[in-house]
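Notes follow once the structure below has been shown.
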Amino acid sequence: MKKNWFTKAAALAMTAVLAVAAAGCGSSSDAQDDSATEGGETTGDVYKVGIIQQMEHDALDAATEGFEAALIEKLGEDGVEFDYQNAQGEQANCTTITTKFVTDGVDLIMANATTALQAAAASTGDIPIVGTSITDYITAGVVESNDAPGTNVTGASDLAPVDQQIALLLEICPDVEKVGIFYCSAEPNSVFQSELAQQYLDEAGVAWEEFTAADSNEIQSVITNAISSCDCIYIPTDNTIANNMEIVKNVALPAGIPVICGEENMCRNGGLATLSISYYDMGYKAGEMAYEILVNGADPATMPIEYVSENIVAKYNVEAAETLGITMPEGIVPIEE
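Numbering-wise, my numbering puts 202 at position 198 of the sequence shown, and it's gapless, one number per residue.
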C-alpha cells in the first residue's frame, strides 16, 4: 500500500510541475503578442512590406524614405521588414518584382509611381497596396473613385496645385506669348496634369502647345523643338523627364527659355521655379496609411486617397535665375542646395 501511495503522489507532483511550466510558457507568449505598438515599441509580429520604386530619382527616393520612416516610428525597427526593389524604369521589371512579392506572401506592397502601382494591382487583388507619387489614381486605372477606392489599392497623391503653378508661371513671365507643355506620353498622370494646365492657360488667354516624348531617347529632340516656338516651358511631375532634367537644362537655359516644373527636385536639377509638395511628407502619409491597414485592420477599399496640403512653397533655382537674368518676385524663396 505504501508503494502504491508513493507512486500516485509522485505522479500527481509531476503533473503539477508540468502544468506550471506550460502555464509559464503560455504567459510569456501571450505577453509578447499583446505587447504595445504605440511609440515605436515592437509588437510580437514582424510585418513584411514589399517596396517597389519605379526608378531612382530624388523625388521618389524622398517618398520611399518618408514611407519607411513612418512605419519604423510606429512599429519600431524590429517590427517591420522592408524588401526594397527598384525597377530601373522598366515595366517588365515592375511585373517581375510585384509577382515575387505575391509569391513571398508579403503583408503589404508599397508602390512608388504609376507603372509600379499598375504592376502591383495587376499582380494581386488580395494583398493590400498603398501607392505614393501617384497624381490621379482613377487615371492610373487602379481604383473606382478617389473617395472610395473599392479595391485593394489606396495611397497618397502627389497632385500639386496645377492652377497655382500656372499662376506662378504667369507671375514670373508676365509677357509670355506661348507656353510649351512638355512631358512623357507614356505616363498617364502627366497627361492628366497637361489637361489641367491647358485649361488654366486657356482661362488666362495664353497660347500653348503640347510636346511629348515617348521615352528618354526623344527628350533632347523634343525639347529642342519646343523652345524653337515657345518662350516658356511647363513640365508637370513626370518621372521620365525628372530623371533627365540635365538634358532639358542644357537645351533650355542657353536658349534663354525659363522652365517651370511641377516638382522641387526637377527645378533643382535644371528648372527655374516650382510650386511643389514635399515628397517626403507624401511618403510619410502613405506610411501612416499602411500602419492603419497592417495594425488596425483598415480596408483599402474604403480608405480615401490622401493629399498633401501643407508645406507647399514657391521656390526657384538661383543659378537658373541668374543665367536667365530674371529677378524673382517677392515671396518666392531659393531652393536650398
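Cβ coordinates follow ideal geometry from the N, Cα and C atoms, glycine included.
- The beta-bridge partner set that DSSP reports for Glu214 consists of Ile185.
- Distances from the CA of Ile56 to each of Gly287, Phe215, Ile264, Pro240 were compared; the closest alpha carbon is that of Gly287.
- Ranked by how close their Cα comes to the Cα of Ala124, the residues Lys104, Ser137, Ile142 have Lys104 in first place.
- Secondary structure at Glu94: coil, using DSSP grouped into helix, strand and coil.
- DSSP places Leu64 within a helical segment (H, G or I) once states are collapsed to three.
- For Gly260, there is no enclosing alpha helix (DSSP H), as DSSP marks it with neither H nor E.
- In this structure the segment 232-250 touches the segment 178-188; the number of beta carbon pairs closer than 8 Å is three or more.
- Using a Cβ distance threshold of 8 Å, Asp285 and Val317 do not count as a contacting pair.
- When the five nearest sequence neighbours on each side are left out, the beta carbons in the same chain lying within less than 6 Å of the beta carbon of Ala160 are those of Thr136, Met286, Lys289, Ala290, Glu310, in order along the chain.
- Judged by beta-carbon spacing, Ala218 lies within the 8 Å limit of Ala190, meaning their Cβ atoms are closer than that value.
- Ranked by Cα distance from Thr306, the first of Asn248, Pro132, Asp65 is Pro132.
- The beta carbon of Glu292 sits closer than 6 Å to the beta carbons of Ala74 from its chain, once the five residues preceding and following it are set aside; these are given in chain order.
- Within the same chain, Ile185, Tyr187, Glu214, Pro240 come within 8 Å of Ser198 by CB-CB distance, once the 5 residues on both sides are set aside.
- Thr155 has its alpha-carbon roughly 23 Å from the corresponding atom of Ala96.
- Following the DSSP letters along the chain, one finds Gly159 in no alpha helix (DSSP H) but inside the beta strand (DSSP E) bounded by residues 157-161.
- Going by C-alpha positions, Phe196 is about 13 Å away from Pro165.
- When the Cα atoms are used, Leu112 and Ile101 turn out to be separated by approximately 14 Å.
- Between Gly93 and Met59, the CB-CB gap stays under 8 Å.
- Per DSSP, Asn269 is one residue of the alpha helix (DSSP H) stretching across 268-272.
- A Cβ-Cβ contact shorter than 8 Å links Ala256 with Ile231.
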